[in-house]
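Written below as structure tokens is the structure these notes are about.
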Amino acid sequence: SAVISQKPSRDICQRGTSLTIQCQVDSQVTMMFWYRQQPGQSLTLIATANQGSEATYESGFVIDKFPISRPNLTFSTLTVSNMSPEDSSIYLCSVAQTGMDEQFFGPGTRLTVL
Amino acid sequence: EDQVTQSPEALRLQEGESSSLNCSYTVSGLRGLFWYRQDPGKGPEFLFTLYSAGEEKEKERLKATLTKKESFLHITAPKPEDSATYLCAVQANSNYQLIWGAGTKLIIKP
């Protein structure tokens, strides 16, 4: 399976600022996803990162708040904009070769907003 | 509405005490059911995919089974290193999005 890394692994940020999270894969993958996992809860899909086009966002998530880039088949970024304490979560990227395959996850980015 | 329910929420076992975790689902046309393990502070680790009722898969002390309504993750003679949260997710034929359960936190005491 692919080796997935995320940067930063954790960060503490001030309210109103923005943070960009990077996801790097060691091989080309078709599908890349971004999830949020709030403390003690399961995973919520934020969006599917599409290479060369705008990301596909799930209900409740908007591009202005969570802009996503995917310049190639091995890299994606998620920005959490104008942060509030409610954005404190673990943010996870995952990859799959097709939309119907199992997903493999990165180690996550633990974000705390003060 | 498609949904996944995992039980119990938490399970404490003694080392060597076998048990099962349950994942009940309702989905309009199951394409696949996935089991993951998640350690604290880490991303989920893929364990199994099951596609059809009657299918079974094994990995070390873990065995996953599937019926038309639920899946079980059987843990045989667990060790403390099996302690983790186990997540179940389903995928419908019509949509690639995974529908996640809330997880079962498994604690194995030495």
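Line order of the protein sequences matches chains A and B. In this text, residue positions in the first sequence follow the working numbering: the first is 112, and each later residue adds one. In this text, residue positions in the second sequence follow the working numbering: the first is 2, and each later residue adds one. Cβ coordinates follow ideal geometry from the N, Cα and C atoms, glycine included. These numbers were taken from a predicted model, which means no experiment stands behind them.
According to the neighbour-count rule (16 or more other Cβ atoms, all chains shown, within 10 Å of its Cβ), is residue i buried or exposed?
i        : result
Gln125/A : exposed
Gln4/B   : exposed
Asp40/B  : exposed
Thr86/B  : buried
Val227/A : Not covered by the structure: residue 227/A. The range shown for chain A is 112 to 225.
Asp137/A : exposed
Kindly indicate if chain A contains any beta-carbon less than 9 Å away from that of residue i.
i       : result
Gln15/B : no
Leu88/B : yes
Leu99/B : yes
Thr50/B : yes
Gln4/B  : no
Consult DSSP for residue i and reduce its assignment to one of helix, strand or coil.
i        : result
Glu57/B  : strand
Asp122/A : strand
Thr71/B  : For the record, residue 71/B in the displayed sequence is Glu; it is not Thr. Of the three classes helix, strand and coil, the one that applies to Glu71/B here is strand, per DSSP.
Glu2/B   : coil
Pro218/A : coil
Examine chain B for any beta-carbon lying closer than 9 Å to the beta-carbon of residue i, and answer yes or no.
i        : result
Glu169/A : yes
Glu213/A : yes
Gln155/A : In the sequence on display, residue 155/A carries Thr and not Gln. Thr155/A counts as touching chain B.
Leu184/A : no
Leu203/A : yes
Can you name the residues that DSSP bridges to residue i?
i        : result
Ser187/A : Cys134/A
Ignoring anything shorter than 3 residues, give me the beta strand (DSSP E) runs that lie fully in the segment 192-217 of chain A, in order along the chain. 200-207
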